[in-house]
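One structure is given here, and the rest of the page talks about it.
Protein chains: 6
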Amino acid sequence: MSDLSHVDESGAVRMVDVGAKPLSRRRAVARATVRMAPATAARLGALPKGDALTTAQLAGIMAAKRTSDLIPLCHPLPLSVVDVRLTVVAGGVEVEAVAETTARTGVEMEALMAVSVAALTVYDMAKAVDKEMSITDVTLVEKTKEVVCAPPS
Amino acid sequence: MSDLSHVDESGAVRMVDVGAKPLSRRRAVARATVRMAPATAARLGALPKGDALTTAQLAGIMAAKRTSDLIPLCHPLPLSVVDVRLTVVAGGVEVEAVAETTARTGVEMEALMAVSVAALTVYDMAKAVDKEMSITDVTLVEKTKEVVCAPPS
Amino acid sequence: MSDLSHVDESGAVRMVDVGAKPLSRRRAVARATVRMAPATAARLGALPKGDALTTAQLAGIMAAKRTSDLIPLCHPLPLSVVDVRLTVVAGGVEVEAVAETTARTGVEMEALMAVSVAALTVYDMAKAVDKEMSITDVTLVEKTKEVVCAPPS
Amino acid sequence: MSDLSHVDESGAVRMVDVGAKPLSRRRAVARATVRMAPATAARLGALPKGDALTTAQLAGIMAAKRTSDLIPLCHPLPLSVVDVRLTVVAGGVEVEAVAETTARTGVEMEALMAVSVAALTVYDMAKAVDKEMSITDVTLVEKTKEVVCAPPS
Amino acid sequence: MSDLSHVDESGAVRMVDVGAKPLSRRRAVARATVRMAPATAARLGALPKGDALTTAQLAGIMAAKRTSDLIPLCHPLPLSVVDVRLTVVAGGVEVEAVAETTARTGVEMEALMAVSVAALTVYDMAKAVDKEMSITDVTLVEKTKEVVCAPPS
Amino acid sequence: MSDLSHVDESGAVRMVDVGAKPLSRRRAVARATVRMAPATAARLGALPKGDALTTAQLAGIMAAKRTSDLIPLCHPLPLSVVDVRLTVVAGGVEVEAVAETTARTGVEMEALMAVSVAALTVYDMAKAVDKEMSITDVTLVEKTKEVVCAPPS
Numbered sequence: 000m001s002d003l004s005h006v007d008e009s010g011a012v013r014m015v016d017v018g019a020k021p022l023s024r025r026r027a028v029a030r031a032t033v034r035m036a037p038a039t040a041a042r043l044g045a046l047p048k049g050d051a052l053t054t055a056q057l058a059g060i061m062a063a064k065r066t067s068d069l070i071p072l073c074h075p076l077p078l079s080v081v082d083v084r085l086t087v088v089a090g091g092v093e094v095e096a097v098a099e100t101t102a103r104t105g106v107e108m109e110a111l112m113a114v115s116v117a118a119l120t121v122y123d124m125a126k127a128v129d130k131e132m133s134i135t136d137v138t139l140v141e142k143t144k145e146v147v148c149a150p151p152s
Numbered sequence: 000m001s002d003l004s005h006v007d008e009s010g011a012v013r014m015v016d017v018g019a020k021p022l023s024r025r026r027a028v029a030r031a032t033v034r035m036a037p038a039t040a041a042r043l044g045a046l047p048k049g050d051a052l053t054t055a056q057l058a059g060i061m062a063a064k065r066t067s068d069l070i071p072l073c074h075p076l077p078l079s080v081v082d083v084r085l086t087v088v089a090g091g092v093e094v095e096a097v098a099e100t101t102a103r104t105g106v107e108m109e110a111l112m113a114v115s116v117a118a119l120t121v122y123d124m125a126k127a128v129d130k131e132m133s134i135t136d137v138t139l140v141e142k143t144k145e146v147v148c149a150p151p152s
Numbered sequence: 000m001s002d003l004s005h006v007d008e009s010g011a012v013r014m015v016d017v018g019a020k021p022l023s024r025r026r027a028v029a030r031a032t033v034r035m036a037p038a039t040a041a042r043l044g045a046l047p048k049g050d051a052l053t054t055a056q057l058a059g060i061m062a063a064k065r066t067s068d069l070i071p072l073c074h075p076l077p078l079s080v081v082d083v084r085l086t087v088v089a090g091g092v093e094v095e096a097v098a099e100t101t102a103r104t105g106v107e108m109e110a111l112m113a114v115s116v117a118a119l120t121v122y123d124m125a126k127a128v129d130k131e132m133s134i135t136d137v138t139l140v141e142k143t144k145e146v147v148c149a150p151p152s
Numbered sequence: 000m001s002d003l004s005h006v007d008e009s010g011a012v013r014m015v016d017v018g019a020k021p022l023s024r025r026r027a028v029a030r031a032t033v034r035m036a037p038a039t040a041a042r043l044g045a046l047p048k049g050d051a052l053t054t055a056q057l058a059g060i061m062a063a064k065r066t067s068d069l070i071p072l073c074h075p076l077p078l079s080v081v082d083v084r085l086t087v088v089a090g091g092v093e094v095e096a097v098a099e100t101t102a103r104t105g106v107e108m109e110a111l112m113a114v115s116v117a118a119l120t121v122y123d124m125a126k127a128v129d130k131e132m133s134i135t136d137v138t139l140v141e142k143t144k145e146v147v148c149a150p151p152s
Numbered sequence: 000m001s002d003l004s005h006v007d008e009s010g011a012v013r014m015v016d017v018g019a020k021p022l023s024r025r026r027a028v029a030r031a032t033v034r035m036a037p038a039t040a041a042r043l044g045a046l047p048k049g050d051a052l053t054t055a056q057l058a059g060i061m062a063a064k065r066t067s068d069l070i071p072l073c074h075p076l077p078l079s080v081v082d083v084r085l086t087v088v089a090g091g092v093e094v095e096a097v098a099e100t101t102a103r104t105g106v107e108m109e110a111l112m113a114v115s116v117a118a119l120t121v122y123d124m125a126k127a128v129d130k131e132m133s134i135t136d137v138t139l140v141e142k143t144k145e146v147v148c149a150p151p152s
Numbered sequence: 000m001s002d003l004s005h006v007d008e009s010g011a012v013r014m015v016d017v018g019a020k021p022l023s024r025r026r027a028v029a030r031a032t033v034r035m036a037p038a039t040a041a042r043l044g045a046l047p048k049g050d051a052l053t054t055a056q057l058a059g060i061m062a063a064k065r066t067s068d069l070i071p072l073c074h075p076l077p078l079s080v081v082d083v084r085l086t087v088v089a090g091g092v093e094v095e096a097v098a099e100t101t102a103r104t105g106v107e108m109e110a111l112m113a114v115s116v117a118a119l120t121v122y123d124m125a126k127a128v129d130k131e132m133s134i135t136d137v138t139l140v141e142k143t144k145e146v147v148c149a150p151p152s
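Which chain is which? The protein sequence lines are A, B, C, D, E and F, in order. Here the first sequence is numbered in numbering that gives the first Met the number 0, starting from 0 and rising by one per residue. Here the second sequence is numbered in numbering that gives the first Met the number 0, starting from 0 and rising by one per residue. Here the third sequence is numbered in numbering that gives the first Met the number 0, starting from 0 and rising by one per residue. Here the fourth sequence is numbered in numbering that gives the first Met the number 0, starting from 0 and rising by one per residue. Here the fifth sequence is numbered in numbering that gives the first Met the number 0, starting from 0 and rising by one per residue. Here the sixth sequence is numbered in numbering that gives the first Met the number 0, starting from 0 and rising by one per residue.
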């Protein structure tokens, strides 16, 4: 019935026990797109100092660090790096985030949180001039790991 | 050049000053969709107690209360209610959030944060069985206000 | 079936909508007891500067301010005062907290959170010397309000 | 005078230095009881989907992850699992939490925080129908460790 | 003995009760200086996009919003605006923050927190190239208020 | 152009990738001074129980644990100890903080955050009686490390 990993057979939610998993170096890459009127996108890209994009980039990095505070069943992870990039394209902004850790569980929720909050921050910065934006295609595009240490036995 | 409300003429970012705006009763409604394999969606909806959906609902409500911690230029707001609903449909989950406040600035970022974090929580709960999910169409569907009090003069 | 105020008829959880309630000045008082060996209690009370108690007092005040971050369906409240007092008695420490606000909903969870976290902090300070402590009788002892402003109509 | 571990000889508070302790796999189990009228307990247990209990369970898990933010002298710990269970009994709800980590210091405060906040959340959900609840017997019932790694020398 | 407002006659700390104070529109301005080698300052000012300064500016704004989480006896305040400006000068960076609210207590700690965290962020960005920086002259330069509403009586 | 470690060649901000650095035992010591009227300092030092200083000490310890939440590009670190000491001198209070960790990156921002927030807390406690205080000489006075473990290769 349930291989949904966070719900046990009685239907109760639970945090997956990762205590016996090996320490691995883990990496995840996520993407999202903020769709907006081309005129809005053009203006975002023409700001003298790019600060709207920097604001979104920083918001994404800071949100990644708080993923386990926000997603109820996520484990706290010692992130070794979070990198968020925003690219203005015709009709929108593309957001990509890389998150890495050496831990017992994956880092994809951190990458997804980073792109989501960066996208919401772009939305917040531009909402006064564009009422029709949307955030789409929030997806995981890469997830890898490499065991660095045997599990505690 | 810039009517992007959070970037001033020199390109510096800024929090909009809402001190002179009237206190209004404000309401915003946002939506998002988590797309997944029909088999995943069917299972989410058939869990004995629906707890995966409750988890996402609570995560959305709690995230709404932390919007001003996450979106750099958002004002803290005294939310009077946040309501998050998830509906399992063929091929996914639809998330809708209502946020209301009596404040000097709008509550749309709180509603958008609620649906985004609720959607990410669904993703987290189901990611062990479905590697191809995505979150789409994060949009604001309603925003209203009603002045309840003249501004401080 | 359900007048449990945070669960609706379908069983879904919800934050109560307080937007139409009047602004009232509200006050709540809560208490808790940390039970411990008399020898532990005697030592807590004989510390040169009372700092273990001050630590617990501050932890309680700070936790009260974060109640809406911790209790999923609590509303954020603008606390006007939180006062936490600890008294060493034979066999333990009594904790009392007063919380006050001018808001649309009650402040009892803030007072209860304050005494709970203050009690847990006493436990943390003394656990190296006493393995048999417990926290009991966490209760609300007073709850009052006084309407100061008609509701927005 | 003081083997209270968090207070030094001058009476000043301090965080215990755990840098030289070995990395151990650690586990703690805590319990608490929410006492309420039998009629309230019966209703909590008869809700169509058990969501009041799920809400409390999630609140407890999330609070455990924030223990070092709330208890002033606690160390941040990489929790590998937190499990919170609530059982409706005659006259109340019993809460049990298990917390585990691989770290240099114990995880009992995390387990105690989980049961305390889960109990407070039950209180919050039911307070509209029962004004006489109390939380009692917050206790540690098990604490174990197993060294997995020699300390840094 | 003590007109230190947060310590009562018995020496116990306390949060000042502001419940009976009038709602006033309040404003505070604070400043700080980060001293560094002229070569470091020159480089900070010559970055292609000014992003190190934007990062510090945003960190200051976000920290202001969390003042009551960090300063134990501060009241939570609904900030209506926080504005942080950084100016590169010979030998350093000058930071100025303005914070405003309509509340029952002053907003100076928010302005001081903003400049302190902005200054620490400049330090963090430049510490790889300059080991001799310091932060000085963290001061309040203006504090005003204007009553907008009689107190609740 | 830029060896400012958090700004890349295009001017974009970034979190430094520490994933390939060795695990080291790291220690940092920071200091700050709160300058005030001698009469204020005398009173702080003559309080019956020293609680104003304990409050500042605890605020510093707790803030150190939240450094990565506040400084945008800081990594989360598992602090093994934070020690904050305040000394009343003629004309002010001297604050010193020690922070230690076993991690892949340094702990100086944690020590600097601890002294800054402890100093701001002294300011908050005494501001009702002294309007002319300032915080100066926030500096790093020691930074050491010792490799305990080869990097993951």
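Glycine included, every Cβ here is placed at the ideal spot set by N, Cα and C.
Looking from the CA of Glu95 of chain C, the closest CA among C:Gly59, C:Pro75 and C:Ala45 belongs to C:Gly59. In the structure shown, Ile60 of chain A adopts helical secondary structure according to DSSP, grouped into three states. A direct Cα-to-Cα measurement between Ala41 of chain C and Ala117 of chain C gives close to 18 Å. Here the alpha carbon of Glu109 of chain B sits roughly 21 Å from the alpha carbon of Asp123 of chain B. A buried status is given to Asp68 of chain B, since no fewer than 16 other beta-carbon atoms sit within 10 Å of its beta-carbon. The beta carbon of Thr32 of chain C sits closer than 6 Å to the beta carbons of Gly91, Glu93, Thr135 and Asp136 from its chain, once the five residues preceding and following it are set aside; these are given in chain order.
With a contact defined as Cβ atoms closer than 8 Å, Ala62 of chain D and Ala113 of chain D qualify at about 6 Å. Between Thr53 of chain C and Val128 of chain C, the C-beta spacing is not below 9 Å.
Rounded to the nearest angstrom, the gap between the Cα atoms of Lys126 of chain D and Thr138 of chain C is 12 Å. Interface annotation for the stretch 18 to 48 of chain B against chain C: Arg24, criterion Cβ-Cβ distance under 8 Å. Per the coordinates, the alpha-carbon of Thr120 of chain E lies some 51 Å from the alpha-carbon of Gly44 of chain D. Taking 9 Å as the threshold, the shortest C-beta distance from Leu57 of chain C to chain F falls below it. Within chain E, the residues whose beta carbon sits less than 8 Å from that of Thr54 of chain A are Thr53 and Leu57, listed in sequence order. Against chain E, the CB of Met61 of chain A has a partner CB under 9 Å away; the residue lies at that interface. When the Cα atoms are used, Ala89 of chain D and Arg24 of chain B turn out to be separated by approximately 44 Å. Per DSSP, reduced to three states, the secondary structure at Leu139 of chain D is strand. At least one CB of chain F lies nearer than 9 Å to the CB of Ala127 of chain E.
Following the DSSP letters along the chain, one finds Glu109 of chain C inside the alpha helix (DSSP H) bounded by residues Glu107 to Ala125. Straight across, the Cα-Cα distance linking Thr86 of chain A with Arg30 of chain A is about 11 Å. In this structure, the alpha-carbon of Leu3 of chain F lies about 23 Å from that of Leu22 of chain F.
Distance from Pro71 of chain A to Leu78 of chain D at the Cβ level is roughly 13 Å; contact not present, criterion being Cβ atoms closer than 8 Å. Annotated as proximal: Asp16 of chain B and Val80 of chain E, with beta-carbon spacing under 9 Å. Straight through space, the alpha carbons of Ala27 of chain E and Arg103 of chain B are spaced by roughly 20 Å. The beta carbon of Met112 of chain E does not come within 9 Å of any beta carbon belonging to chain C, so the residue lies off that interface.
Thr143 of chain C counts as exposed, since fewer than 16 other C-beta atoms from the protein chains shown sit within 10 angstroms of its C-beta. Bounds of the alpha helix (DSSP H) holding Ser67 of chain F are Thr66 to Leu69.
Residues of chain D with a Cβ closer than 7 Å to the Cβ of Asp50 of chain B are, in chain order, Thr53. Beta-carbon to beta-carbon, Gly18 of chain E and Glu99 of chain C are separated by about 5 Å, close enough to satisfy the 8 Å threshold.
If you ignore the 5 residues before and after Arg84 of chain D, its C-beta comes within less than 8 Å of the C-beta of Gln56, Val94, Glu95 and Ala96, all in its own chain and listed in chain order. When A:Glu145, A:Leu111, A:His5 and A:Leu46 are compared, the shortest CA-CA separation from Val6 of chain B is found for A:Leu46. If you look at Leu85 of chain E, you'll find it in the beta strand (DSSP E) that goes Leu78 to Val88.
At a beta-carbon threshold of 7 Å, the residues of chain E lying near Arg13 of chain B are Asp82, ordered along the chain.
The C-beta of Glu141 of chain C has fewer than 16 other C-beta atoms within 10 Å across all chains shown, which makes the residue exposed.
Shown in chain order are the members of the stretch 70 to 103 of chain F whose Cβ falls below 7 Å from a Cβ of chain D: Pro77, Leu78, Ser79, Val80, Val81, Asp82, Glu99 and Thr101.
Approximately 7 Å separates the beta-carbon atoms of Asp82 of chain E and Met14 of chain B; this is inside 8 Å, confirming the contact.
For Leu43 of chain B, the enclosing alpha helix (DSSP H) stretches over residues Pro37 to Gly44.
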